[in-house]
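Working notes for the structure below.
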Amino acid sequence: MTHPATAGPEEPATAELLRSVFRQHAAGVAVITAFGDKPVGFTATSLNSVSLDPPLVSFGIGTSNSCWPVIAQAEYVAVHLLAADQRELGATFARSGADRFAASTAWHPGPNGVPLLDGVLGRLVCRIVARMPAAGHRIVVAEALTGRTSGRGGPLLYHDGGFHHLAPLLR
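Structural data, given as structure tokens:
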């Protein structure tokens, strides 16, 4: 018996197929920040927990991203998990050419000058331990040094080209 969701031939992997498949993958929204000559930051949905001991995370960044030159040289980054009500913050850090640290963005300098966003679900200050090439991107691995959680609600998610939040399921 063929299940309707699995019916049809497999397609060759292309950029369009990968994009189409991953639009169906819900991902948490994070903002990665660092400090060079000025604070920089970008929205990432590629954040992963790598190891608990030592505490390692990874994220991807395109080498064409305006933040890459700073991330390429930075020793420290901060990883911020956004709350469901922080869609505009996620959009600001995703928008090319935006003044991401304008007055509307609540933040303060943290350890080693790393910009820390206020009001997020959780954040980690990390030391970069590796940058690995992956086509036109880099996979950055960083060791968490400090962090905190707020416990203030649900996460902001990215799915099918837009921001969403979790709705409680009936029990």
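Per our numbering, numbering through the sequence shown is continuous, rising by one, with the last residue being 1640.
Every residue gets a Cβ at the ideal spot worked out from N, C-alpha and C, and that includes glycine.
A Cβ-Cβ contact shorter than 9 angstroms links glycine 1497 with leucine 1516. Under DSSP, asparagine 1517 forms a beta bridge with Ser1527.
CA-to-CA, the gap between glycine 1616 and threonine 1502 works out to about 14 angstroms. Shown here for valine 1598: same chain residues with a beta carbon closer than 8 angstroms to its own, the five before and five after excluded, namely Leu1525, Val1610, Ala1611 and Glu1612 in chain order. Distance from the CA of asparagine 1534 to the CA of cysteine 1595, rounded to the nearest whole angstrom, comes to 20 angstroms. With contacts defined as CB atoms closer than 9 angstroms, histidine 1549 and alanine 1499 qualify as a contacting pair. Boundaries for arginine 1607: no alpha helix (DSSP H) harbours it, while the beta strand (DSSP E) harbouring it runs 1606–1618, taken from the DSSP string. Using a Cβ distance threshold of 9 angstroms, alanine 1543 and tyrosine 1627 do not count as a contacting pair. Between alanine 1552 and leucine 1593 a beta carbon distance of about 16 angstroms is seen, past the 8 angstroms cut, so the two are scored as non-contacting.
The Cβ-Cβ distance between alanine 1563 and threonine 1512 falls below 9 angstroms.
DSSP places threonine 1574 in the coil class of the three-state scheme, outside both helix and strand. Cβ contact annotation for valine 1519 (same chain, cutoff 7 angstroms, sequence separation greater than five): Leu1525, Val1526, Ser1527 and Val1610, in chain order. Nearest to cysteine 1536 by alpha-carbon distance, out of Ala1484, Ala1575, Pro1580 and His1606, is His1606.
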